[in-house]
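Undergrad: One structure, pasted below without further comment.
Numbering (my numbering), first residue to last: 96 to 221.
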């Protein structure tokens, strides 16, 4: 499978040269990146059979740190992850062009943020 990176969060060609680099097949996905003690750990890309993609940092087999995710419906998220969940600051873009740029906690919008609709509507606040 050939995959072209969407973001510049890290250099995949440089990543392939690291000693902890591996390609690991899961039931419904393929991971290419750093492995530590058999777990995704460090930088890597996971491509899912359903069309979802994650590029970013991993810790103990969970998304953790900076990452980019494109969902099978075309929506996208670029931002922070904590223990497998969207948490911290991030930009979510819906396939129709609407965006939310702000704070997240445990996978939901939480705190200050800016929502902008393609029709020109916007909301700033909490």
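Note that CB positions come from ideal geometry on N, CA and C, so glycine has one too.
Pull up the CB-CB distance for residue 197 and residue 183, whole angstroms please, since I reckon it's below 8 angstroms.
TA: The pair is not a contact, with the Cβ atoms about 10 angstroms apart (cut-off 8 angstroms).
Undergrad: Please classify residue 208 as buried or exposed, where buried requires at least 16 neighbouring CB atoms within 10 angstroms.
TA: Per the 10 Å Cβ criterion, buried.
Undergrad: Determine the burial state of residue 221: buried for a count of at least 16 other Cβ atoms within 10 Å of its Cβ, exposed for fewer.
TA: Exposed, by the Cβ-count rule.
Undergrad: With a floor of 3 residues, list each beta strand (DSSP E) that falls wholly inside the region 99-150, ordered by position along the chain.
TA: The region 99-150 contains these whole beta strand (DSSP E) runs: 116-120, 124-131 and 134-143.
Undergrad: Please list the segments of the alpha helix (DSSP H) lying wholly inside the region 164-209, counting only runs of 4 or more residues, in order along the chain.
TA: Listed in chain order, there is nothing to give.
Undergrad: Can you tell me the Cα-Cα spacing of residue 40 and residue 171, whole angstroms?
TA: Residue 40 cannot be examined here, being either before or after the span of the chain that is shown, 96 to 221.
Undergrad: Grab me the residues of residue 165's own chain with a C-beta within less than 6 angstroms of its C-beta, minus the 5 sequence neighbours each way, in chain order.
TA: Correct list, in chain order: 148 and 171.
Undergrad: Look up residue 220 in the DSSP assignment and say whether it is helix, strand or coil.
TA: Note: residue 220 maps to strand in three-state DSSP.
Undergrad: Should residue 120 go down as buried or exposed, given a rule of 16 or more other Cβ atoms within 10 Å for buried?
TA: Its Cβ having fewer than 16 others within 10 Å, residue 120 is exposed.
Undergrad: Quick one: Cα of residue 169 to Cα of residue 195, how far?
TA: Cα to Cα, the separation comes out at about 15 angstroms.
Undergrad: If you draw a straight line from the alpha carbon of residue 131 to that of residue 118, how long is it in whole angstroms?
TA: Each residue's alpha carbon lies about 12 angstroms from the other.
Undergrad: Please report the distance separating the alpha-carbon of residue 107 from that of residue 100.
TA: Answer to the nearest angstrom: the Cα atoms are 8 angstroms apart.
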